[in-house]
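Numbering (the working numbering), first residue to last: 1076 to 1399.
Don't be surprised by glycine CBs; every beta carbon is placed ideally from N, CA and C.
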Ligand code: DGY
C-alpha cells in the first residue's frame, strides 16, 4: 500500500544502504546531486507534501525559516548529533517534532579527535608536505621534531559521550586526563579523569586541550586570546566539535607567535570556506568536518534518522527525540 508509506525529503544524498531503504519504505524524490540550501529544502517539502525532512548542518532552520516550513512537515530529523543549525524551541513551539542521531557517532568522533591530537603533535601535515615534495635530504637529529603524545596531560572541555570516549582512548596512551564540564560526572563516568570546576583553573595544566562542547548559535567563543593565553606555552589545541567555540583570529595569533605548538581542527567558523590565514599556517592539521565520516557511522546515523520518520508515521515514540 504505497500511499501509506511516509513521505520524506532529504537535504543531502545518504549512504547507499539508507538510500535503498528510502526506495522501499518511503515515498521520496530522488536524492539531490548537491546538498540543498534552506530555501530549496523548504520548496521541496511543499512540493512533495513531505511529513518529514532529513537535514544536516548544510540547511539551517532558524528564525524566519522555521515560520516558512510548510504545514505538512511534522518532523525535522537531523542526521547529526549537533543541533546548532536548528532553532529547536521554535520548531517545537510550531508543533514540529525534532530528532537527532546521538550515540551512533561517538566512537567515530573520538577516533578522529585522537587522529587530530596525534597529527597535530607529530607534525603530520608538515611531514606529508615534505614527502609530497620528494623529501630529498636526511632530517637532522633536531630537525622538524614533534611533541610526544604518550604520557602528556590532556584537558577535555565537555565530558559528554564523546569526551568520555576520548578519555578512554587517551588512557591507552598513558595520558593524564583532566576535564571541565558544567557539572561533575559520577565517578563511574569520569574514566579516571580529574574534574576542574572552572575552565580557567584547568587550562594552565593542559599540554593538549580538546573541545567537546555543543555549539550555540550566537554565543561568544570559548577559546579567545584570554583563554588561549592561559594554556602553557607550547601546548596544542584540538577542535572536532564546532568552529564557533574558537576565535580563529586569536588562534592564528597564538599559532604564529609559537604560544601554541600546533592545532588540529575538523571544524571552522566559516564552513566550507575556512579562513585562508589558517590554511597558510604550517603548524596546523586540518580535516573538513568529517568527525562522523565513515561508512559504518554515516549509515547508522541515516538509519536512525529514518527510524524516527518511521516511528512518527506509525504513531510510536521517536527513538531519539530532541525535547528542548
Ligand atoms: C554532528 O553530528 O553534529 C556532526 O558534527 C555533523 O554535523
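| task | Please determine if the region 1181–1200 and the region 1336–1346 are in contact, where contact requires at least 3 C-beta pairs separated by less than 8 Å. | result | Judged by Cβ distances under 8 Å, the region 1181–1200 makes contact with the region 1336–1346, as three or more pairs qualify.
| Does the Cβ of residue 1387 have 16 or more other Cβ atoms within 10 Å, making it buried, or fewer, making it exposed? | Taking the chain shown and counting its residues from 1, one reaches residue 1387 at position 312. Label assigned to residue 1387: buried.
| request: Would you list, in sequence order, the uninterrupted beta strand (DSSP E) runs of no fewer than 3 residues that lie entirely inside the region 1114–1155? | output: You should have 1127–1130 and 1150–1153.
| By how many angstroms is the C-alpha of residue 1085 removed from the C-alpha of residue 1215? | Numbered from 1 along the chain shown, position 140 holds the residue referred to as residue 1215. Numbered from 1 along the chain shown, position 10 holds the residue referred to as residue 1085. If you take the alpha carbons of residue 1215 and residue 1085, they lie about 53 Å apart.
| field | Cβ contact (3+ pairs, closer than 8 Å) linking the region 1227–1236 and the region 1277–1289 | value | Look at the beta carbons and you see the region 1227–1236 touching the region 1277–1289: at least three pairs across the two are nearer than 8 Å.
| request: For residue 1162, count neighbouring C-beta atoms within 10 Å of its own C-beta (all shown protein chains included) and say buried if the count is 16 or more, exposed if not. | output: In the chain shown, the residue the question calls residue 1162 occupies position 87. So residue 1162 ends up on the buried side.
| request: Note down, one range per segment and in chain order, each beta strand (DSSP E) of at least 3 residues found wholly within the region 1200–1268. | output: Secondary structure in the region 1200–1268: the beta strand (DSSP E) runs of 3 residues or longer, each lying completely within the stretch, are 1228–1232 and 1251–1255 in chain order.
| residue 1131: beta carbon under 7 Å from a heavy atom of ligand 1? | Here residue 1131 refers to the residue found at position 56 of the chain shown. True, at least one ligand heavy atom lies under 7 Å from that Cβ.
| Roughly how many whole angstroms lie between the Cα atoms of residue 1221 and residue 1310? | For the purposes of this step, residue 1221 is taken as residue 146 along the chain shown, with counting starting at 1. For the purposes of this step, residue 1310 is taken as residue 235 along the chain shown, with counting starting at 1. Their backbone Cα atoms lie some 12 Å apart in a straight line.
| What's the C-alpha gap between residue 1140 and residue 1251? | Position 65 of the chain shown, counting from 1, holds the residue named residue 1140. Position 176 of the chain shown, counting from 1, holds the residue named residue 1251. Spanning the two alpha carbons is a distance of roughly 45 Å.
| query | Would you say the beta carbon of residue 1157 comes nearer than 7 Å to a heavy atom of ligand 1? | reply | Within the chain shown, numbered from 1, the residue matching residue 1157 stands at position 82. Ligand 1 approaches residue 1157 closely enough that one of its heavy atoms is under 7 Å from the residue's Cβ.
| field | Spatial distance of residue 1195 from residue 1261 (CA atoms) | value | Translated into the one-based positions of the chain shown, residue 1195 becomes position 120. Translated into the one-based positions of the chain shown, residue 1261 becomes position 186. Answer to the nearest angstrom: the Cα atoms are 31 Å apart.
| request: On a CA-only basis, which of 1383, 1391 and 1398 is nearest residue 1127? Give me that one, please. | output: Within the chain shown, numbered from 1, the residue matching residue 1127 stands at position 52. For residue 1127, the nearest C-alpha among the options comes from 1383.
| query | Would you report the Cα separation of residue 1181 and residue 1380, rounded to the nearest angstrom? | reply | Indexing the chain shown from 1 puts residue 1181 at position 106. Indexing the chain shown from 1 puts residue 1380 at position 305. Looking at the two C-alpha atoms, the distance is approximately 16 Å.
| query | Any heavy atom of ligand 1 closer than 7 Å to the Cβ of residue 1180? | reply | The residue labelled residue 1180 in the question sits at position 105 within the chain shown. Checking every heavy atom of ligand 1 against the Cβ of residue 1180, one is found closer than 7 Å.
| query | In chain order, what residues of the same chain lie with their CB nearer than 7 Å to the CB of residue 1315, ignoring the 5 residues before and after it? | reply | Here residue 1315 refers to the residue found at position 240 of the chain shown. A distance below 7 Å between beta-carbons, with the five flanking residues on each side excluded, links residue 1315 to the following residues of its chain, in chain order: 1184, 1187, 1188, 1191, 1341, 1342 and 1366.
| query | Taking 7 Å as the line, does the beta carbon of residue 1366 fall inside it for any heavy atom of ligand 1? | reply | Taking the chain shown and counting its residues from 1, the one referred to as residue 1366 is at position 291. Closer than 7 Å to some heavy atom of ligand 1: that describes the Cβ of residue 1366.
| By the 10 Å Cβ neighbour count, where 16 or more other Cβ atoms means buried, how is residue 1076 classified, buried or exposed? | The count along the chain shown starts at 1 and reaches residue 1076 at position 1. Here the model assigns residue 1076 a pLDDT of 41, short of 50, so the residue's position is not dependable, and the following value carries that caveat. The C-beta of residue 1076 has fewer than 16 other C-beta atoms within 10 Å across all chains shown, which makes the residue exposed.
| request: Determine which residues share a DSSP beta bridge with residue 1298 and list them. | output: For the purposes of this step, residue 1298 is taken as residue 223 along the chain shown, with counting starting at 1. The bridge partners DSSP lists for residue 1298 are 1321.
| Less than 8 Å separating the beta-carbons of residue 1148 and residue 1125? | Taking the first residue of the chain shown as 1, we reach residue 1148 at position 73. Taking the first residue of the chain shown as 1, we reach residue 1125 at position 50. One thing to note: residue 1148 has its Cβ within 8 Å of the Cβ of residue 1125.
| DSSP on residue 1076, reduced to helix/strand/coil? | Here residue 1076 refers to the residue found at position 1 of the chain shown. For residue 1076, the predicted structure reports a pLDDT of 41, less than 50, and the residue's modelled location is therefore unreliable. A value from the coordinates is still provided. The answer is coil: DSSP assigns residue 1076 none of H, G, I, E or B.
| request: Could you have a look at residue 1338 and say whether DSSP puts it in helix, strand or coil? | output: Within the chain shown, residue 1338 is the residue found at index 263, counting from 1. Secondary structure of residue 1338 (DSSP, three-state): strand.
| query | Which residues in the same chain have their Cβ closer than 8 Å to the Cβ of residue 1164, if we skip the five residues on either side of it in sequence? | reply | Position 89 of the chain shown holds residue 1164. Excluding residues within five positions, the ones whose Cβ falls inside 8 Å are 1399.
| message | According to DSSP, simplified to helix, strand and coil, what is residue 1311? | response | Here residue 1311 refers to the residue found at position 236 of the chain shown. Three-state result, residue 1311: strand.
| said: Taking only three categories from DSSP, how would you classify residue 1286? | reply: On the chain shown, position 211 is the one that residue 1286 refers to. In this structure, residue 1286 counts as strand in the three-state DSSP scheme.
| field | Chain-order list of residues whose beta-carbon lies under 7 Å from that of residue 1395 (same chain, five-residue window excluded) | value | The residue labelled residue 1395 in the question sits at position 320 within the chain shown. Excluding sequence neighbours, residue 1395 sits near 1174, 1175, 1176, 1177, 1379 and 1383.
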